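Mapping to the working numbering: the sequence shown position 114 is 122, numbers consecutive. Below is one structure; the comments refer to it alone.
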Amino acid sequence: MDRLLTLEMFVAVASEGGFAAAARKLGSSPPAVTRGIAALEARLGTVLFHRSTRAVALTDAGAAFLEQARRILADLAGAERELRGAAAEPRGQLYVTAPVMFGRLHVLPVVGALMAEHRELMVRMMLIDRNVRIVEEGIDVAVRIGALADSGLKAVRIGWVRQMLVASPAYLARRGAPQTIAELAGHDLIGTMGPRAAGEWQLASARWRLDPRPRLVLNTVDGALAAAEAGLGIANLLSYQLADALAAGRLIALLSGEKPPAFPVHLLFESSRAGLPAVRSFVEAMKGRARVAGLG
């Protein structure tokens, strides 16, 4: 049986959770899918699924092989798309994910400009303060802030941001401004959830452990920013998140000598998608946005 077809069957069974459902998705029959999986297992010399009368589940070997199979199929699909229209105008659907505030401030303007220029381009944006699984969730391009894991994805760095400690004038008038890292222990701290949530803050001269723990923890950057502006404590946020509040005087930067290492801002995508007109246009537009916004 055709090797590519058996890979498609394998991914479909894993995704749909059964042979019958996979057959419906592929427009095939359950016996044909069963034969295809058997042929694949025979060729690989290993069992890919645990089978019972009620359910089908991946074996350890099957789970390990699934990501590779998905990548092979994605690479092939990307190569076909690139060959059909390497120089074509961006069209179809582009699926992008980014942190909430960064997406609102910097990605949405880029998306708006691209959609105005390319009438056949459609965009889905997932703005969320967590790292989503790019391959599994079908993401075309993801914005990531911070160190990257070794994922095998293509990464294009477009800029840098840095952490800043801030508080409102009202809070500082009431509690005073810390002059050293050690003095933070006597202040009310505002923490956040998500990728940057941690039990310590990385400052220039030391890692400062948040002990006692923050009095207030919020699950969104908007919430932490609002809490800091309301005078509820000292927050540790990123420079792009604070630009407007600092310029307007609603927040004041603290411990200015303690400048932590900057965080890189990357665009992540599968290498097979690099040649797609929509992805290529988005990446170039985001590079330009980063330069204009002073992130480069």
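Glycine included, C-beta positions come from ideal geometry on N, C-alpha and C. Given the structure is predicted, the values throughout are model-derived calculations rather than measurements.
{"Asked": "Separation of Gly184 from Glu191, as counted between CA atoms", "Found": "10 Å"}
{"Asked": "Contact set for Glu237: own chain, Cβ-Cβ below 7 Å, skip 5 residues either direction", "Found": "Ser176, Ala253, Arg258 and Leu259"}
{"Asked": "Whole-number beta carbon distance between Phe271 and Ile153, since they are thought to touch under 8 Å", "Found": "5 Å"}
{"Asked": "Rounded C-alpha distance that separates Ala94 from Thr54", "Found": "For Ala94, the predicted structure reports a pLDDT of 49, less than 50, and the residue's modelled location is therefore unreliable. A value from the coordinates is still provided. Distance between the alpha carbons of Ala94 and Thr54 is about 39 Å."}
{"Asked": "Local Cβ density within 10 Å of Asp148, reported as buried at 16 or more and exposed below that", "Found": "buried"}
{"Asked": "Sequence-distant residues of the same chain with beta carbon closer than 8 Å to Trp168, five excluded per side", "Found": "Ala270, Phe271, Pro272, Val273, Leu303 and Gly304"}
{"Asked": "Beta-bridge pairing of Thr14 - partner residues as DSSP gives them", "Found": "Bridge partners of Thr14: none, in fact."}
{"Asked": "Pair within 9 Å by beta-carbon distance, Ala251 and His114", "Found": "no"}
{"Asked": "Residue from Arg141, Met134 and His126 with nearest C-alpha to Arg78", "Found": "Arg141"}
{"Asked": "Residues sharing a beta bridge with Leu122, DSSP", "Found": "Partner(s): none; Leu122 has no beta bridge."}
{"Asked": "Meets three-Cβ-pair contact criterion under 8 Å: the region 104-114 and the region 42-59", "Found": "no"}
{"Asked": "Three or more C-beta pairs below 8 Å linking the region 121-140 and the region 240-250", "Found": "no"}
{"Asked": "Rounded separation between Phe277 and Leu102 - CA only", "Found": "12 Å"}
{"Asked": "Span of the beta strand (DSSP E) around Met172", "Found": "Gln171 to Ala175"}
{"Asked": "Gly100: first and last residue of the uninterrupted beta strand (DSSP E) it sits in", "Found": "Gly100 to Ala106"}
{"Asked": "Nearest-angstrom Cα separation, counted from Ala256 out to His195", "Found": "24 Å"}
{"Asked": "Continuous beta strand (DSSP E) stretch holding Ile260: start and end", "Found": "Ile260 to Leu262"}
{"Asked": "Reduced DSSP secondary structure (H/G/I, E/B, other) of Gly231", "Found": "helix"}
{"Asked": "Ala314 versus Met134: straight-line alpha-carbon distance, rounded", "Found": "Examination of residue 314 is not possible in this model, given that the chain is present from 9 through 304 alone."}
{"Asked": "Thr200 and Val229 closer than 9 Å at C-beta", "Found": "yes"}
{"Asked": "Alpha-carbon spacing of Ser23 relative to Asp83, whole angstroms", "Found": "18 Å"}
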